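J.:
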Amino acid sequence: MKTIITTLFIIGSIAASAQSDPIPTVLQDQFEAFNTGDIERLVANVSDDFKWFYITSDTLLLEVKGKDAFRKGMESYFGAGVKVNSEIESYAIEGNRISFKEVVSHKNKNGELVSSSAMGIYQLKDEKIFRAWYFID
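Our numbering numbers the first residue of the sequence shown as 6 and each following residue consecutively.
#1: If the criterion is Cβ atoms closer than 8 Å, does the pair I134 and Q33 meet it?
#2: Do S122 and K112 count as a contact pair if the criterion is CB distance below 8 Å?
#3: Taking only runs that begin and end inside the stretch 62-90, name each unbroken alpha helix (DSSP H) of 4 or more residues, in chain order.
#4: Quick one: residues in its chain with C-beta nearer than 7 Å to the C-beta of F39, no 5 flanking neighbours on either side, listed in chain order?
#5: Helix, strand or coil for D53, going by three-state DSSP, please let me know.
#6: Return the residue from the list T61, K56, F55, W57 that minimises the CA-CA distance to D142.
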């Protein structure tokens, strides 16, 4: 119950500050679009020259380069029938960057609910996500 209340508070805080700050607006819209599988909204939130980096303790990988590649990646991801729920556990804003902790849950092949978390950073340019970095264990 505490997690639900905390999540609602964070989302409410994002919505309240969104009126004056485009970063929380874009972050909230991106997560809502992801949770509903709305590829058009996901793609609308990124710049034409968007880059998405995937980082582990040993690897830095350019996962996606460009809006069209992002669209294709999302079409493939959601076309596979993936049903996930992504939540923002916390976030901080510094200039045109927002860092956040994301918790993603889904059912595995056995029908059990599993979750994982990652740290992410979105950098905005002209109210679009210009760069994304995901730090994954």
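Beta carbons are placed, not taken as given, at the ideal position from N, Cα and C, and that holds for glycine.
Note that the coordinates shown come from a computational prediction; the quantities given were computed from them, not determined experimentally.
T.: Looking at the coordinates:
#1: Indexing the sequence shown from 1 puts residue 134 at position 129. Indexing the sequence shown from 1 puts residue 33 at position 28. Result no, Cβ atoms of I134 and Q33 do not sit closer than 8 Å.
#2: As a position in the sequence shown, residue 112 is number 107, starting the count at 1. As a position in the sequence shown, residue 122 is number 117, starting the count at 1. It is not a contact, given that the beta carbons lie outside the stated cut-off.
#3: 72-84
#4: As a position in the sequence shown, residue 39 is number 34, starting the count at 1. Here the set comprises L47, S91.
#5: As a first step, residue 53 must be located in the sequence shown, where it is residue number 48. Strand at D53.
#6: Residue 142 sits at position 137 when you count from the first residue of the sequence shown. The shortest Cα separation from D142 among T61, K56, F55, W57 belongs to T61.
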